[in-house]
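Below is one structure, written out as structure tokens; comments come after it.
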Amino acid sequence: ELGKGAQGVVYLAQHKFTKLPIAVKVQTVRNAHDKEQLRAEFRLLSLLKHENIVTFYGAFYSEDEKLLTLLLEYMDFGCLSSAMSKLGKPNLPSDDQKTTLVQRPKGVETVLFLVSCPSLGALPEDVLSTVARHCLLGLEYLHSKEVVHRDIKPMNILLSKHRNVTTLTDFGMSLKKKPFSKEDPELGGTIEYMAPERLMDETYSYPSDIWSMGVVVSEAALGSHPVPNRSLYWDMCENRSIRGCCLEMLRAHKVSSELLEFAETCLESEVSKRPT
């Protein structure tokens with residue numbers, strides 16, 4: 004068993020003929036909506052061919068057991084969250100830096116909350132830059148196919164030590180249509196990584212994935228999510244204060260100017276100013 008989620012389990016298996024390792028994702032189909040969503044995922048995966056998108060080998064559905072099984076590329080280093088635990092190092096600010104932060108007139112409660120959060124471990128910047136570049140190449144390909152991923156987060160970013168490559172996975176929330184509008188039937192995705200325009204029920208498009216990448220890179224650089232409290236994250240997106248908070252945290256952790264500029268660009272609240 005490689006991992007377990009709310010709807011299913013991922014196992015490591017061996018292809019009968021090639022003898023290569025593969026990941027077997029078994030998901031419970033609870034209702035007609037689940038069935039259609041999972042079918043949409045493997046239909047989309049079957050159309051996507053890119054080094055930085057997880058390879059899809061096939062799928063089958065058991066009507067009796069109400070299970071859908073996806074056969075996917077095995078990524079031997081696991082997800083980004085796992086990599087942070089394996090490769091990361093504690094990266095909390097010093098006492099002086101904490102004092103400087105909490106004395107700021109805005110976001111005091113936020114910063115006090117953040118510095119008390121457990122840290123998985125900050126990734127070295129050379130590793131993080133490679134991971135980010137591969138993810139952006141994957142997103143560039145997706146967006147060229149008019150696909151918005153809608154659920155970019157550490158658990159949906161997989162790494163292979165053997166192939167030295169990073170891939171995007173889990174396309175259950177992805178949409179392939181144009182334009183993307185607030186009339187979409189459900190929010191979909193993970194709130195702590197969503198762009199403000201999505202949380203505010205506004206029209207959205209490809210830049211929403213770029214925002215999510217900004218949050219992911221900030222988390223990997225800090226060693227923990229900048230604002231791990233869901234309701235607080237939502238409030239800070241609503242009042243447009245989250246970008247400033249993330250940048251202050253990154254400065255306190257003395258990240259490089261290049262990383263800071265990347266986060267600043269991705270976390271632009273105005274959609275028109277954010278890259279696609």
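Mapped onto the working numbering, the consecutive letters of the sequence shown carry residue numbers 4 to 279. Glycine included, every Cβ here is placed at the ideal spot set by N, Cα and C.
{"query": "Taking 8 Å as the cut-off, decide whether the C-beta atoms of GLN40 and GLY175 are in contact.", "result": "yes"}
{"query": "Should ALA266 go down as buried or exposed, given a rule of 16 or more other Cβ atoms within 10 Å for buried?", "result": "buried"}
{"query": "Pick out whichever of GLU271, ILE56, VAL258 and ASP67 has its Cα sitting closest to the Cα of HIS137.", "result": "ILE56"}
{"query": "With a CB to CB cut of under 6 Å and the five nearest residues on each side skipped, what residues in its chain are close to ASN159?", "result": "THR172 and ASP173"}
{"query": "Tell me the rounded alpha-carbon separation between LEU178 and ARG46.", "result": "12 Å"}
{"query": "Please say whether PHE63 and LEU48 have beta carbons closer to each other than 8 Å?", "result": "no"}
{"query": "Any contact of the region 214-231 with the region 255-266, i.e. 3+ C-beta pairs under 8 Å?", "result": "yes"}
{"query": "From the DSSP output, in three-state form, read off SER65 for me.", "result": "strand"}
{"query": "My assumption, with CB atoms under 8 Å, is that VAL230 sits in contact with ILE245. Please give the rounded CB distance.", "result": "6 Å"}
{"query": "Could you tell me which of ALA26, GLU66 and LEU71 sits nearest to SER163, measuring between CA atoms?", "result": "ALA26"}
{"query": "For the beta strand (DSSP E) containing ALA135, list its first residue and its last residue.", "result": "First-last for ALA135: 128-147, but that is the alpha helix (DSSP H), not the beta strand (DSSP E)."}
{"query": "Specify the secondary structure class of ALA16 as computed by DSSP and reduced to three states.", "result": "strand"}
{"query": "With distances taken between CB atoms, is the gap from GLU195 to ARG243 smaller than 8 Å?", "result": "no"}
{"query": "For the alpha helix (DSSP H) that ILE245 lies in, which residues bound it at each end?", "result": "245-255"}
{"query": "Take every Cβ of the region 21-37, pair it with every Cβ of the region 145-152, and state whether three or more of those distances are shorter than 8 Å.", "result": "no"}
{"query": "Going straight from the alpha carbon of GLU205 to that of GLU143, what length do you get?", "result": "23 Å"}
{"query": "Our contact map puts HIS53 next to GLY141 with C-beta atoms below 8 Å; I'd like the distance itself, whole angstroms only.", "result": "6 Å"}
{"query": "Provide the residue span of the beta strand (DSSP E) that contains SER163, from first to last.", "result": "160-163"}
{"query": "Any beta carbon from chain C within less than 8 Å of LYS156's own beta carbon?", "result": "Note that chain C does not occur in the displayed structure, where there is just one protein chain."}
{"query": "Going by other Cβ atoms of all chains shown within 10 Å of its Cβ, with 16 needed for buried, is ALA16 buried or exposed?", "result": "exposed"}
{"query": "For LYS276, name the three-state secondary structure that DSSP assigns.", "result": "helix"}
{"query": "Using only alpha-carbon positions, find the residue among CYS82, TYR236, SER132 and GLY247 that is nearest to LEU262.", "result": "SER132"}
{"query": "With the cut-off set at 8 Å, would you say ILE213 and THR279 are in Cβ contact?", "result": "yes"}
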